[in-house]
Amino acid sequence: MLLFFGWDATPSGHRWETLVENVQNHIKSINWMYKKDLKKQGITYYNGFAKLVDKHTVVIESDKKNEKITGETIIIATGGRPNYDDIPGALENAITSDDLFTLPQEPKNTLVIGGGYIALESAGFLQELGNQCTVLVRSILLRGFDQQMAGKIEEQMTESGVKFVKKCIVLKISKDGGGEGGQIRVEGQYEDDTPYSDSFNTVLLAIGRTPNTSGLGLENVGIKTHESTGKIIVDDYDRTNIPNIYAVGDVAFGRPELTPVAIQSGKLLVRRLYTFSTLHPSYRFVPTTVFTPLEYGCVGDSEERAIETYGENNIEVFHSSFSPLESSLAHRFDWRCYAKIVCIKEEGRMKVTGLHILGPNAGEVTQGFALALKLGAYKDDFDLLFAIHPTNAQIFTKFQVTKSSGEDADIQRCCS
10 MLLFFGWDAT PSGHRWETLV ENVQNHIKSI NWMYKKDLKK QGITYYNGFA
60 KLVDKHTVVI ESDKKNEKIT GETIIIATGG RPNYDDIPGA LENAITSDDL
110 FTLPQEPKNT LVIGGGYIAL ESAGFLQELG NQCTVLVRSI LLRGFDQQMA
160 GKIEEQMTES GVKFVKKCIV LKISKDGGGE GGQIRVEGQY EDDTPYSDSF
210 NTVLLAIGRT PNTSGLGLEN VGIKTHESTG KIIVDDYDRT NIPNIYAVGD
260 VAFGRPELTP VAIQSGKLLV RRLYTFSTLH PSYRFVPTTV FTPLEYGCVG
310 DSEERAIETY GENNIEVFHS SFSPLESSLA HRFDWRCYAK IVCIKEEGRM
360 KVTGLHILGP NAGEVTQGFA LALKLGAYKD DFDLLFAIHP TNAQIFTKFQ
410 VTKSSGEDAD IQRCCS
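Whatever position you read off the sequence shown (first residue = 1), add 9 for this note's numbering.
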């Protein structure tokens, strides 16, 4: 594409070692900044393993010594960690997203096991860096997200060279004998019992996350956890069944596993505890983005969830493919970009209950529209917006085609 904008483009290699060094330096700088801010605020920082003794007492175990501290209120915000599951050989021969940027050399031929956003994001950027990637998924991609959008992401990633192995489970991960195929052998089985086997240089597990509750001593004070997930059960105000103990973030059951959600929940909880605030977060319209090479941003209901909740006859979907201006200028109309809004039919008006976009900078686009949905926007509110031209976001002011009409939605060139 650079040639069409007047640049002389010469192929150049990628230095994985430089990327890893810069990522690690960035992480170290963030940790240093947090420690500095805690000290500045007069907050005592302990580095160790915490365990509840009773509802007001915590023991902190560290290499140096064990310390006991007490508090009127306790907030649990321990987050989660990547799953290894019970796959034989996984712990010894596979890595997780936590380990990816500690690898001393480039991953090369990589198998990513999992179908969630971490799996697709990892496979997407590794493929773009020149590492052949294969995604192995047990069932569907992006469970919980809009499945039409998930399908379009799969199409785009397939076009970029990512391979998909679907409806397959992993039975064993072991060291291979070597050779050109790779050093790690993965054996599995398809849904129809057909065996699967292949070799890779790197195997990355992205099969969900486990809450960090083990060893916290929850049982010592009787804190209730969810039976299947192990997450801490909380009410709308983040309180556990023990009145003075709270939980926020990924460790709390029913909360979206997103960093901004944990941050916002923690801030509002502290304000409720120590100021006169009564505000608590609503999780109805939480925006999120899947950072695949072609980003997918969404907020509100998927099309499937809207149908399940309101009934197929009570919703309408407005949609369109579009090609960004930069693609048009380069003489390649990129029809992979796509947007839609999911609406509820309400007395002659269409209330927007879900918004989805697949395209460049989708996260930036979605952020602002999340407020519109939270405030109860209707389709005609979108129609009356003045568009910023030329932007991808203006596609939301131009919807004319509905899915129920059966008309072709591939009509918007470069959001003109």
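Positions of the beta carbon are idealized from the N, C-alpha and C atoms, including for glycine.
### Task
Quickly, what does DSSP pair Asp207 with across the bridge? List them, please.
Val195
### Task
Express the C-alpha separation of Lys60 and Thr301 in angstroms, rounding to a whole number.
38 Å
### Task
Taking only the alpha-carbon atoms, compute the straight-line gap between Gly415 and Pro269 and give it to the nearest angstrom.
38 Å
### Query
Would the region 350 to 361 and the region 298 to 313 be scored as touching if the rule is three or more Cβ pairs under 8 Å?
yes
### Query
How do the region 76 to 96 and the region 218 to 225 stand: do at least 3 beta-carbon pairs fall below 8 Å, yes or no?
yes
### Task
Measure the C-alpha to C-alpha separation of Gly188 and Thr211 and round it to an integer number of angstroms.
Residue placement at Gly188 is poorly supported in this model, since its pLDDT is 49, which falls under 50; the coordinates still yield a value, given next. C-alpha separation (whole angstroms): 14 Å.
### Task
Could you check the C-alpha separation between Arg8 and Gly139 for me, to the nearest Å?
No answer is possible for residue 8: the residues shown for the chain start at 10 and end at 425.
### Task
Grab the span of the alpha helix (DSSP H) containing Pro269 for me, first residue to last.
268 to 283
### Query
Over what stretch of residues does the alpha helix (DSSP H) that includes His365 continue unbroken?
Segment 358 to 367 is the beta strand (DSSP E) holding His365; no alpha helix (DSSP H) there.
### Message
Taking the straight line between their C-alpha atoms, what separation do you get for Gln409 and Thr82?
### Response
54 Å
### Message
Less than 6 Å between C-beta atoms, sequence neighbours within five positions excluded: which residues of the same chain meet that for Val32?
### Response
Phe110
### Query
Since Lys161 is in the alpha helix (DSSP H), which residue starts that stretch and which ends it?
156 to 168
### Task
Give the range of the alpha helix (DSSP H) segment to which Ile96 is assigned.
Here Ile96 belongs to no alpha helix (DSSP H), and DSSP marks it neither H nor E.
### Message
Taking the beta carbon of Asp247 as the centre, do at least 16 other beta carbons fall within 10 Å, making it buried, or is it exposed?
### Response
buried
### Query
Exposed or buried, Trp16, counting other C-beta atoms within 10 Å across all chains shown (16 or more means buried)?
exposed
### Message
Just to check my reading of the structure: Leu129 and Met166 have Cβ atoms closer than 8 Å, yes? What is that Cβ distance to the nearest angstrom?
### Response
7 Å
### Message
Give the list of continuous alpha helix (DSSP H) stretches no shorter than 4 residues that lie fully inside the region 82 to 157.
### Response
99 to 102, 126 to 137
### Task
With a 10 Å radius around its C-beta and 16 neighbouring C-beta atoms as the bar for buried, classify Met42 as buried or exposed.
exposed
### Query
How about Val68 and Asn75: do their beta carbons lie closer than 7 Å?
yes
### Query
Got a sec, what are the start and stop residues for the beta strand (DSSP E) Leu180 sits in?
177 to 184
#### Entry: Sequence ranges, beta strand (DSSP E) only - wholly within the region 201 to 256, length at least 3
204 to 209, 211 to 214, 218 to 220, 254 to 256
### Query
Per DSSP, which one or two residues make a beta bridge with Phe173?
Val144
### Query
Smallest Cα separation from Phe378: which of Ala402, Val171, Phe395?
Ala402
### Query
Thinking C-beta only, is Tyr93 closer than 7 Å to Val299?
no
### Query
Taking Gln376 as the reference, which of Val295, Ala271, Ile254, Ile241 has the closest Cα?
Val295
### Task
Quick one: residues in its chain with C-beta nearer than 8 Å to the C-beta of Glu21, no 5 flanking neighbours on either side, listed in chain order?
It should be noted that the sequence gives Ser, not Glu, for residue 21. If we look at Ser21 and ignore the five residues flanking it on each side, it has no Cβ neighbours.
### Message
I need the straight-line Cα distance from Gly190 to Cys177, nearest angstrom please.
### Response
Residue placement at Gly190 cannot be trusted, given a pLDDT of 49 that sits under 50; what the coordinates show is reported in the next sentence. For Gly190 and Cys177, the distance between alpha carbons rounds to 20 Å.
### Task
Using alpha carbons as the reference points, say which of Gly153, Asp390, Gly363, Tyr387 lies closest to Gly217.
Gly153
### N- and C-terminal bounds of the beta strand (DSSP E) containing Leu61
58 to 63
### Task
Determine, using beta carbons only, whether Tyr319 and Met359 come nearer to each other than 7 Å.
no
### Task
Give the range of the beta strand (DSSP E) segment to which Val326 is assigned.
324 to 332
### Query
Taking Cβ positions, are Leu180 and Gly160 nearer each other than 7 Å?
no
### Task
Find the nearest neighbour of Ser71 within the set His365, His65, Phe58, judged by alpha-carbon distance.
Phe58
### Message
Can you give me the C-alpha to C-alpha distance between Ala193 and Asn118, rounded to a whole angstrom?
### Response
Ala is not the amino acid found at residue 193; the sequence shown has Ile there. Taking the straight line from one Cα to the other gives about 10 Å.
### Task
Note the first and the last residue of the continuous beta strand (DSSP E) segment covering Ile353.
346 to 355
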